[in-house]
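Enquirer: Here it is: the structure, laid out below.
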Amino acid sequence: MIDIHSHIIFAVDDGPKTLEDSLQLIAESYRQGVRTIVATSHRRKDMFETPEEKIHVNFLKVKEAVKSRFADLTLVYGGELYYTEDLRQKLESGLAPNMGETRYVLIEFSKTTPWREIEQALTKILLLGITPIVAHIERYDALDSKPERVQKIINMGCYTQVNSNHVLKPKLFGDGEKIFKVRGRYFLEQDLVHCIASDMHNLDKRPPYMEQAYQQVAKLFGESRAQALFKENAACLLRDEIL
Numbered sequence: 001m002i003d004i005h006s007h008i009i010f011a012v013d014d015g016p017k018t019l020e021d022s023l024q025l026i027a028e029s030y031r032q033g034v035r036t037i038v039a040t041s042h043r044r045k046d047m048f049e050t051p052e053e054k055i056h057v058n059f060l061k062v063k064e065a066v067k068s069r070f071a072d073l074t075l076v077y078g079g080e081l082y083y084t085e086d087l088r089q090k091l092e093s094g095l096a097p098n099m100g101e102t103r104y105v106l107i108e109f110s111k112t113t114p115w116r117e118i119e120q121a122l123t124k125i126l127l128l129g130i131t132p133i134v135a136h137i138e139r140y141d142a143l144d145s146k147p148e149r150v151q152k153i154i155n156m157g158c159y160t161q162v163n164s165n166h167v168l169k170p171k172l173f174g175d176g177e178k179i180f181k182v183r184g185r186y187f188l189e190q191d192l193v194h195c196i197a198s199d200m201h202n203l204d205k206r207p208p209y210m211e212q213a214y215q216q217v218a219k220l221f222g223e224s225r226a227q228a229l230f231k232e233n234a235a236c237l238l239r240d241e242i243l
């Protein structure tokens, strides 16, 4: 499997705190069958403002440590980029990371960002010659029960991602993620999802769930659909190709 949304770089955002934490999280992802991970640490003005140089240095430390433990695991440098005008300017100047050496960037919005702002932001990024992958579409209230809006995002030339834990069945009681799971399942049923990725942060509250999610998708939609959502589509994007 290929995971295009993860927080595996230590001491840069709300993900792992230490290098060993990073390695334990990666080890669990590897155990579940993931063989390529895109490191997408947060970049968000006034919240996650770790200097890019530090993020990259820590990424290289993780990458070096991984080589001796998981020889067939590939790590790719990227970022989860929260959209602001400041971010647009950084993208235009090449100061914010794409997903590896591709035209693609993982773009995040607030849960309550209005639809018009989402649409305008994606348009501005596309005009830079950069293609957004919209992170965890199930988390945005503006897209709730609005498949036509997600389809418009796709028609614009963007791609969509859903978190692996939001593919799982909601718990009967006390499931704070239930609404996201309902939305995630709905978007899958409407065939509006290009990639499923972990958005993993730690082994406690936000582990990978990639293995469980793959099994669930294969059961509901078939093995070929699971292969596309967890591997083939992401591989295509990492080759800088168009789906």
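Numbering follows this note's numbering, in which position 52 of the sequence shown is assigned residue number 52; successive positions increment by one, without gaps.
C-beta: ideal position from N, C-alpha, C; glycine also.
Leaving out the 5 sequence neighbours to the left and right, which residues in its chain are closer than 7 Å to His-201 when beta-carbon positions are compared?
Expert: Closer than 7 Å at the Cβ level, and outside the excluded window around His-201, lie His-7, Asp-14 and Gly-15.
Enquirer: In chain order, what residues of the same chain have a beta carbon less than 6 Å from the beta carbon of Ile-4, not counting five sequence neighbours either side?
Expert: So the list reads Val-38, Cys-195, Ala-197 and Ala-234, once near-sequence residues are dropped.
Enquirer: Pick helix, strand or coil for Val-193, following the three-state DSSP scheme.
Expert: DSSP places Val-193 in coil when its eight states are reduced to three.
Enquirer: On the DSSP bridge list, what partners appear for Thr-36?
Expert: Thr-36 pairs with Ile-2 and Thr-74.
Enquirer: At 3 residues or longer, what runs of the beta strand (DSSP E) sit wholly inside the stretch 44-95?
Expert: Qualifying beta strand (DSSP E) stretches, in chain order: 74-77 and 80-82.
Enquirer: What residues in its chain sit with their C-beta under 8 Å from that of Val-150, if we drop five residues either side in the sequence?
Expert: The residues are Ile-137, Leu-143, Thr-160, Phe-187, Gln-190 and Leu-192.
Enquirer: Give the list of continuous alpha helix (DSSP H) stretches no shorter than 4 residues that lie fully inside the stretch 158-239.
Expert: You should have 178-189, 210-221, 223-227 and 233-238.
Enquirer: Please report the residue range of the beta strand (DSSP E) in which Ile-107 lies.
Expert: That run of the beta strand (DSSP E) goes 104-108.
Enquirer: Is DSSP giving Ile-8 helix, strand or coil here?
Expert: Correct three-state label for Ile-8: coil.
Enquirer: My understanding is that Tyr-82 touches Arg-139, with C-beta atoms under 8 Å, so please give their C-beta distance in whole angstroms.
Expert: Rounded, the Cβ-Cβ distance is 12 Å, inconsistent with contact.
Enquirer: Can you give me the Cβ contacts of Ser-63 inside the same chain, cut-off strictly under 7 Å, excluding the 5 residues immediately before and after it?
Expert: Note that residue 63 is Lys in the sequence shown here, rather than Ser. Counting only Cβ-Cβ distances below 7 Å, and skipping sequence neighbours, we find Leu-75.
Enquirer: For the candidate residues Glu-241, Ala-96 and Pro-170, whose alpha-carbon lies nearest to that of His-56?
Expert: If we check each option's Cα against that of His-56, Ala-96 comes out closest.
Enquirer: Of the choices Phe-59, Tyr-30 and Gly-100, whose alpha-carbon is the least far from that of Glu-71?
Expert: Reading the sequence as shown, one finds Ala at residue 71 and not Glu. Checking every option, the nearest Cα to that of Ala-71 belongs to Tyr-30.
Enquirer: Starting from Pro-97 and walking both ways along the alpha helix (DSSP H), at which residues does that stretch end?
Expert: Here Pro-97 belongs to no alpha helix (DSSP H), and DSSP marks it neither H nor E.
Enquirer: Can you give me the C-alpha to C-alpha distance between Glu-52 and Phe-59, rounded to a whole angstrom?
Expert: One C-alpha to the other measures close to 10 Å.
Enquirer: How many Å lie between Leu-127 and Glu-92 at the Cα?
Expert: Approximately 10 Å, taken between the alpha carbons.
Enquirer: So who's on the other strand from His-245, going by DSSP bridges?
Expert: Since the first residue shown for the chain is 1 and the last is 243, residue 245 is missing from the structure and cannot be characterised.
Enquirer: Checking the sheet assignment: what are the DSSP bridge partners for Ile-133?
Expert: According to DSSP, which records beta bridges pairwise, Ile-133 is partnered with Leu-106 and Tyr-159.
Enquirer: State the CB to CB distance for the pair Thr-40 and Gly-79, rounded to an integer number of angstroms; the pair is presumed to be in contact (CB under 8 Å).
Expert: The pair is a contact, with the Cβ atoms about 5 Å apart (cut-off 8 Å).
Enquirer: Which one of Pro-147, Asp-204 and Asp-141 has the shortest CA to CA distance from Glu-28?
Expert: When only C-alpha atoms are compared, the closest one is Asp-204.
Enquirer: Would you identify the three-state DSSP class for Leu-23, choosing helix, strand or coil?
Expert: Helix.
Enquirer: Determine, using beta carbons only, whether Lys-146 and His-166 come nearer to each other than 9 Å.
Expert: It is not a contact, given that the beta carbons lie outside the stated cut-off.
Enquirer: For Leu-19, which option in Leu-172, Phe-221 and Lys-61 has the closest C-alpha, if you only look at C-alpha atoms?
Expert: It is Lys-61 whose Cα lies nearest to the Cα of Leu-19.
Enquirer: Considering only their Cβ atoms, is the gap separating Thr-131 from Val-105 smaller than 9 Å?
Expert: Contact flag set, yes.
Enquirer: Taking all protein chains shown into account, do 16 or more other C-beta atoms lie within 10 angstroms of the C-beta of Phe-230, making it buried, or fewer, making it exposed?
Expert: Buried, by the Cβ-count rule.
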